[in-house]
Amino acid sequence: MDEIFRQSKKLFDLPTTEKMKLLRNEKHRGYTPLFDQALDPKNQVHAIGDYKEGYYIGCEVPEDDPNANKPFFVPNIWPDSDLLPGWRQIMEKYDTQALEVGRVVARIIALTLKLDANFLDKPNLLGKPLSLLQCCVSLAQVSDPLKGISGASAHSDFGRITLLAIDDVVSLQIYKDKEAIPQRW
Numbered sequence: 001m002d003e004i005f006r007q008s009k010k011l012f013d014l015p016t017t018e019k020m021k022l023l024r025n026e027k028h029r030g031y032t033p034l035f036d037q038a039l040d041p042k043n044q045v046h047a048i049g050d051y052k053e054g055y056y057i058g059c060e061v062p063e064d065d066p067n068a069n070k071p072f073f074v075p076n077i078w079p080d081s082d083l084l085p086g087w088r089q090i091m092e093k094y095d096t097q098a099l100e101v102g103r104v105v106a107r108i109i110a111l112t113l114k115l116d117a118n119f120l121d122k123p124n125l126l127g128k129p130l131s132l133l134q135c136c137v138s139l140a141q142v143s144d145p146l147k148g149i150s151g152a153s154a155h156s157d158f159g160r161i162t163l164l165a166i167d168d169v170v171s172l173q174i175y176k177d178k179e180a181i182p183q184r185w
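Counting in UniProt numbering, the sequence shown runs from 1 upward without gaps.
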């Protein structure tokens, strides 16, 4: 994990002009600049978005694959290897390993539910396994939900399982009760 954090830092430390060459496309691959996303616009009171930058990498399949160019199976946007040597290979390896961890967790969930260990891995049940890797860095801005300030505002992740790897910077908060007053995190 340390290498993934180092590589992410290298990407986010690039000059803005270089990062903007990797700008996220309509298929949600690539770089998202500061304030580009507002995951909870209802409660993000500032006109600007979330106090974070992101980079999205997803499953790639060969052009002749039946899933090619379907949502979640589109080409990624990669930094030039002269700019970030080895970056693509390191991220692809991590993404593959994270997908396997997700499969193991899915098997544990299935067994806990007294189902066949591979129940959640059946392609006819949930489709082709996929992953979406997001590298993310938030500004040193402290989130204050009551003031509508968020590094990454409140949201629900999509998909079967979310695996989070975070560094020692306090960032993630789990929303426990949407209806509670005051809100509890």
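Every residue, glycine too, gets a C-beta built ideally from N, C-alpha and C.
**Study point:** Between the CA atoms of Cys59 and Pro75 - distance to the nearest angstrom
**Key:** 8 Å
Review point. In terms of residues, what are the limits of the beta strand (DSSP E) holding Ile57?
Key: Lys52 to Gly58
Review point. Out of curiosity, what's the CA-to-CA distance linking Trp185 and Asp64?
Key: The pLDDT assigned to Trp185 is 49, lower than 50, so where the model puts this residue is not dependable, and the model offers no usable value.
**Study point:** Start-to-end residues for the alpha helix (DSSP H) that takes in Gly102
**Key:** Trp87 to Thr112
Review point. When DSSP builds the beta bridges, which residues end up paired with Thr32?
Key: Gly54
Review point. Quick one: what's Leu23 bridged to in DSSP?
Key: Tyr31
**Study point:** Leu115 to Arg24 span [Cα, whole Å]
**Key:** 39 Å
**Study point:** Ser81 - DSSP class collapsed to helix/strand/coil
**Key:** coil
Check your understanding: On the three-pair Cβ rule with 8 Å, is the region 13–30 touching the region 101–116?
Key -> no
Practice item. With a threshold of 16 other CB atoms inside 10 Å of the CB of Pro62, please say whether the residue is buried or exposed. Key: exposed
Exercise for review: May I have the straight-line CA-CA distance separating Thr96 from Lys19, to the nearest angstrom?
Suggested key: 24 Å
Exercise for review: Identify whether Ser138 lies in helix, strand or coil by the three-state DSSP scheme.
Suggested key: strand
**Study point:** Buried versus exposed, by CB contacts within 10 Å (16 or more), Leu22
**Key:** buried
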